[in-house]
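Take a look at the structure set out below.
Residue numbers (the numbering used here), protein chains in the order written: chain L, 1339 to 1522; chain V, 1339 to 1522.
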């Protein structure tokens, strides 16, 4: 059985700096109609930097939506027309000052499927060359280094809660456990 | 160093059926001001059902924001004042028709930290008793069963992309690999 919804009409409700909100009238598969309010977002890129010791770098920053600091992998939204891997490398350079000899695609994640079009393109950076961070104006982050095992412990105990960071750390742990990834 | 942003003023921009949008003027740590546009969401609960064979149940449903079906763990938004574990059990009963002897907290995930207050409370259901689904009106889902290993493969190859589903499957895989979880 294939599930579907067909758009009957669509209107712009809100146009913001980062995202806009639309409301669509949709035809459901039982012939009834409903409405969907959707956040339209340009998408983002995120990258987990890991060194040859199996240590990962996370950035600590204040997140207004939660009123406190969170620990995350470097990430940012895509600029118009920007290649996702290029965006991930740019964020790695801006937030951590790192470049990477090897970037592996960890596959995109859809953080909020119920009402938000955002796609986060996810990468693993290895073969790191470390330099000085180049934060955007108004961006304040602190880079912290953890053994991967400790970061995974922080995911399991709920100390790390950011969805993209949870996804990246756990994928890399499973790839290492399976022997499908090696430290470089 | 502690990072912070202080709210100077806040206004409602949009009030929807599921979420609202606010814009706040904030004081940054360098003394400058900026604006934050934030989606305010009531939060949700999600639950991964796993049987004593290590098979997991996922629901396939159409997601309007992506224009196609996605494979996810059962989930839904919290009703006002609802306990998150009770909400997770309710969704498990509605979408799959299951009750569970054992529900383990997999810790909350914040799917979209940059601009959305949503918290997803995550659980693992074991000791399943399977019955008939009780979908909400207008909700159309198909329940599918996979060995956990196959579901984890689907995460790693990008076939499963829903963030909460990625987080739950990978956490459970790592807990099993570490011997911190057993099949019941």
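Where is the CB? At the ideal position from N, CA and C, for every residue including glycine.
Owing to the predicted nature of the structure, the values given are computational and were not obtained by experimental measurement.
Have a look at residue 1520(V) and residue 1426(V) and give me their C-alpha separation to the nearest angstrom.
-> Counting from 1 along the second chain, the entry for residue 1520(V) is found at position 182. Counting from 1 along the second chain, the entry for residue 1426(V) is found at position 88. Looking at the two C-alpha atoms, the distance is approximately 21 Å.
For residue 1458(V) and residue 1449(V), the rounded distance between their alpha carbons | Against the second chain, residue 1449(V) aligns to sequence position 111. Against the second chain, residue 1458(V) aligns to sequence position 120. Rounded to whole angstroms, residue 1449(V) to residue 1458(V) spans 7 Å at the Cα level.
Who are the near neighbours of residue 1489(L) in its chain, counting only those whose CB is closer than 6 Å to its CB and skipping five residues on each side?
-> In the first chain, counting from the first residue as 1, residue 1489(L) sits at position 151. The residues are 1394, 1507.
Taking 8 Å as the CB-CB limit, is residue 1570(L) close to chain V?
-> Residue numbering for chain L in the displayed model covers 1339 to 1522; residue 1570(L) lies beyond these limits and cannot be assessed.
Taking 7 Å as the cut-off, does the CB of residue 1397(V) come closer than this to any heavy atom belonging to the ligand SAM?
-> Although the ligand SAM was asked about, the structure shown includes no ligands whatsoever.
Under the rule that 16 or more other beta-carbon atoms within 10 Å means buried, what is residue 1335(V), buried or exposed?
-> As displayed, chain V neither begins before 1339 nor continues past 1522, which places residue 1335(V) out of reach and without an answer.
Name, in chain order, the residues that DSSP records as bridge partners for residue 1352(V).
-> Here residue 1352(V) is taken as the residue at index 14 of the second chain, counted from 1. In DSSP, residue 1352(V) forms a bridge with 1359(V).
Minimum Cβ-Cβ distance from residue 1407(V) to chain L less than 8 Å = Indexing the second chain from 1 puts residue 1407(V) at position 69. Chain L contact via Cβ: present.
In angstroms, rounded to a whole number, what distance separates the CA positions of residue 1403(V) and residue 1347(L)?
-> On the second chain, residue 1403(V) is found 65 positions in, with the first residue counted as 1. On the first chain, residue 1347(L) is found 9 positions in, with the first residue counted as 1. Their Cα atoms are separated by approximately 14 Å.
Of the listed residues 1485(L), 1511(L), 1478(L), 1516(L), nearest to residue 1408(L) (C-alpha basis) | Along the first chain, one-based indexing puts residue 1408(L) at 70. Closest by alpha carbon: 1478(L).
With 16 other CB atoms within 10 Å as the buried threshold, where does residue 1374(V) fall?
-> Reading the second chain from its first residue, position 36 is the one you call residue 1374(V). Under this definition residue 1374(V) is a buried residue.
By the criterion of Cβ-Cβ separation under 9 Å, what are the contact partners of residue 1403(L) in chain V?
-> Along the first chain, one-based indexing puts residue 1403(L) at 65. Near residue 1403(L) (Cβ distances below 9 Å), the residues of chain V are 1374, 1376, 1377, 1378, 1448, 1450, 1451, 1452, 1453, 1454, 1455, 1456.
Going by other Cβ atoms of all chains shown within 10 Å of its Cβ, with 16 needed for buried, is residue 1455(L) buried or exposed?
-> Start at 1 with the first residue of the first chain, and residue 1455(L) comes out as number 117. Buried, because 16 or more other Cβ atoms sit within 10 Å of the Cβ of residue 1455(L).
Alpha carbon to alpha carbon, what distance is there between residue 1343(L) and residue 1480(V)?
-> By one-based count along the second chain, residue 1480(V) stands at place 142. By one-based count along the first chain, residue 1343(L) stands at place 5. Pairing residue 1480(V) with residue 1343(L), the inter-Cα distance amounts to about 15 Å.
Quick one: list the residues of chain L neighbouring residue 1495(V), beta-carbon separation under 9 Å, in chain order.
-> Taking the second chain and counting its residues from 1, one reaches residue 1495(V) at position 157. Within chain L, the residues near residue 1495(V) are 1445.
Anticipated Cβ contact below 8 Å, residue 1522(V) with residue 1465(V), distance rounded = For this step, residue 1522(V) is matched to residue 184 along the second chain. For this step, residue 1465(V) is matched to residue 127 along the second chain. Right, the Cβ-Cβ distance comes to about 5 Å (below 8 Å), so this counts as a contact.
Using a Cβ-Cβ distance under 8 Å, would residue 1359(L) count as near chain V?
-> Here residue 1359(L) is taken as the residue at index 21 of the first chain, counted from 1. Judged by the 8 Å Cβ criterion, residue 1359(L) is in contact with chain V.
Using DSSP with H/G/I as helix, E/B as strand and the rest coil, what is residue 1495(V)?
-> Mapped onto the second chain, residue 1495(V) falls at position 157. Here residue 1495(V) sits in coil by DSSP.
Quick one: using the 10 Å Cβ neighbour count with 16 as the cut-off for buried, is residue 1391(V) buried or exposed?
-> As a position in the second chain, residue 1391(V) is number 53, starting the count at 1. Flag for residue 1391(V) reads exposed.
Residues bridged to residue 1468(V) [DSSP beta-bridge criterion] = Your numbering for residue 1468(V) matches position 130 in the second chain. Paired residue(s): 1436(V).
To which residues does DSSP link residue 1484(L) through a beta bridge?
-> On the first chain, position 146 is the one that residue 1484(L) refers to. DSSP output for residue 1484(L) lists 1394(L) as bridge partner(s).
In three-state terms, what does DSSP make of residue 1405(L)?
-> Within the first chain, residue 1405(L) is the residue found at index 67, counting from 1. In the structure shown, residue 1405(L) sits in coil (DSSP, three-state: anything other than H, G, I, E or B).
Checking contacts by CB at 8 Å: is residue 1492(L) closer than that to chain V?
-> Stepping through the first chain from its first residue, residue 1492(L) is reached at position 154. Chain V, which has no Cβ nearer than 8 Å to the Cβ of residue 1492(L), makes this no.
With burial defined as no fewer than 16 other Cβ atoms inside 10 Å of the residue's Cβ, what is the status of residue 1460(V): buried or exposed?
-> The residue you call residue 1460(V) lines up with position 122 of the second chain. With 16 or more other Cβ atoms within 10 Å, it is buried.
Where residue 1479(L) sits in the DSSP three-state scheme | As a working mapping, residue 1479(L) is identified with position 141 in the first chain. If DSSP states are grouped into helix, strand and coil, residue 1479(L) belongs with coil.
Pull up the distance between the alpha-carbon of residue 1438(V) and that of residue 1420(V), whole angstroms please.
-> Looking up residue 1438(V) in the second chain gives position 100. Looking up residue 1420(V) in the second chain gives position 82. Looking at the two C-alpha atoms, the distance is approximately 18 Å.
is_contact[residue 1421(V), chain L] using C-beta, thresh 8 Å | By 1-based counting over the second chain, the position of residue 1421(V) is 83. It does not; no Cβ of chain L falls within 8 Å.
Is residue 1356(L) buried or exposed, if buried means 16 or more other CB atoms sit within 10 Å of its CB?
-> For this step, residue 1356(L) is matched to residue 18 along the first chain. The residue is exposed, with fewer than 16 neighbouring Cβ atoms inside 10 Å.
Counting only the same chain and skipping the five closest in sequence on each side, list residues whose C-beta sits under 7 Å from that of residue 1493(L).
-> On the first chain, residue 1493(L) is found 155 positions in, with the first residue counted as 1. Around residue 1493(L): 1504, 1507, 1508.
Where residue 1436(L) meets chain V, residues with beta-carbon distance less than 7 Å = Locating residue 1436(L) in the first chain gives position 98, counting from the first residue. Near residue 1436(L) there are no residues of chain V at all, since even the closest Cβ is about 20 Å away, more than 7 Å.
Between the beta-carbon of residue 1398(V) and the beta-carbon of residue 1436(V), is there less than 8 Å?
-> Here residue 1398(V) is taken as the residue at index 60 of the second chain, counted from 1. Here residue 1436(V) is taken as the residue at index 98 of the second chain, counted from 1. Result no, Cβ atoms of residue 1398(V) and residue 1436(V) do not sit closer than 8 Å.
Check the DSSP bridge columns for residue 1388(V) and list the partner residues they point to.
-> Position 50 of the second chain, counted from the start, is the residue given in the question as residue 1388(V). Per DSSP, 1394(V).
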